[in-house]
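**Q**
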Amino acid sequence: MRKPIIAGNWKMNNTASAGVALVNELKPLVENANCDVAVCVPAIDIPAVAEALKGSNIALGAQNVHFEAKGAFTGEISADMLKEYGVKYVIIGHSERRQYFGETDETVNKRTLAALDAGLVPIVCIGESLEERETGKTEDVLAKQIREGLKGIDDVSKIVIAYEPIWAIGTGKTATAEQANETIAFIRKTCGEVFCPKCAEKVRIQYGGSMNAKNCKELMAMPEIDGGLIGGASLKAPDFATIVNYDK
Ligand code: PGA
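Under the working numbering, residues 39 to 286 are what the sequence shown spells out, in order.
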């Protein structure tokens, strides 16, 4: 059985003090969750939010990590820097990073391997654009992102994959539960071919893209969907808690 994981992606929202207030509101609302819970916060919020999360069932995540261990990489943050604050998860290859910051499957791959090496759990994002979906290229695009972005991983079940159709992110347009389920089944099948069928059975694959307090139950009822990567709806404690408690 795969344990579902619901992770918030705050993106570039919340100062450290606002982040602490948010998690303090969230903690009692999710303390009886049956799934794994995480918040992936801006790097500069990490020390304060780490402190606020102590003793709770909410894990801490970052939104990016550099692939080199240290050195002359102005503005970057290493896996060790994250680890020192108890960061567990790190989002890698979010479509916004691919679109605005030149992230490629090659850099996704380097970051993923570096994160795994350091003992972090990468949440690797993959997904197709609207044009790619409409022209029937979804499966090719995803297969390439898996083959190139996850190359060289010994056990794919050590990572979390977030399937995020770009056209559903922040747009209020969710993939239908059936669409998401079907696409995630394809991702799992491809992982079985590229890695091993057993690890593919174990790897947790989230859905992301306008998942919210209203549609979470239907999405989470799908057998292939093992959780969610939540943007907008993770910024309000009651909404995020409703998603985390989808099974109650
Ligand atoms: P959204 O973002 O929930 O606001 O669509 C999801 C994401 O980008 O991870």
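Glycine included, every Cβ here is placed at the ideal spot set by N, Cα and C.
None of these values were measured; they are calculated from a predicted model.
DSSP on A271, reduced to helix/strand/coil?
**A** Three-state DSSP puts A271 in a helix.
**Q** Count the other C-beta atoms from every protein chain shown that fall within 10 angstroms of the C-beta of T31, then say buried if there are 16 or more, exposed otherwise.
**A** Outside the modelled stretch of the chain, which goes from 39 to 286, sits residue 31, for which no answer is possible.
**Q** Distance check for I281 and P66, CA to CA, integer angstroms please.
**A** Approximately 14 Å, taken between the alpha carbons.
**Q** Closer than 7 Å: is that where the CB of I271 sits relative to any heavy atom of the ligand PGA?
**A** Here residue 271 turns out to be Ala, not Ile, going by the sequence shown. Yes; taking the cut-off as 7 Å, the Cβ of A271 has a heavy atom of the ligand PGA nearer than that.
**Q** Would you mind giving the Cβ-Cβ distance between P153 and V103, rounded to the nearest angstrom? I have them listed as a contact below 8 Å.
**A** The residue asked about is misnamed: residue 153 is Ala in this sequence, not Pro. That belief holds up - the Cβ atoms of A153 and V103 are roughly 5 Å apart, short of 8 Å.
**Q** Taking the alpha helix (DSSP H) that G187 falls in, what are its first and last residues?
**A** Its alpha helix (DSSP H) spans residues 176 to 187.
**Q** Anyone know if the C-beta pair for V125 and I84 falls short of 8 Å?
**A** Yes, these two residues count as a Cβ contact at 8 Å.
**Q** What's the C-alpha gap between R171 and Q217?
**A** 11 Å
**Q** Mapping DSSP to helix, strand and coil, what is V79?
**A** coil
**Q** Quickly, what does DSSP pair R226 with across the bridge? List them, please.
**A** DSSP, once it has assigned bridges, lists no residue as partnering R226.
**Q** Could you check if M260 belongs to the surroundings of the ligand PGA, using beta carbon to heavy atom distance under 7 Å?
**A** no
**Q** Tell me the DSSP secondary structure of G57 in three-state form.
**A** helix
**Q** Compute the Euclidean distance between the alpha carbons of P80 and M39, then round it to the nearest angstrom.
**A** 31 Å
**Q** Secondary structure at N62, three-state DSSP: helix, strand or coil?
**A** helix
**Q** If you compare alpha carbons, which of T221, G246, C237, A107 is closest to A45?
**A** The shortest C-alpha separation from A45 is found at G246.
**Q** Does the beta-carbon of T142 have 16 or more other beta-carbons within 10 angstroms, so that it is buried, or is it exposed?
**A** exposed
**Q** Tell me the residue span of the alpha helix (DSSP H) that contains I197.
**A** Element bounds for I197: n/a, residue is neither H nor E.
**Q** May I ask whether a heavy atom of the ligand PGA can be found less than 7 Å away from the beta carbon of L267?
**A** Look at L267: its beta carbon is less than 7 Å from one of the heavy atoms in the ligand PGA.
**Q** Given a cut-off of 8 Å on the beta-carbon distance, is the pair N47 and S272 in contact?
**A** yes
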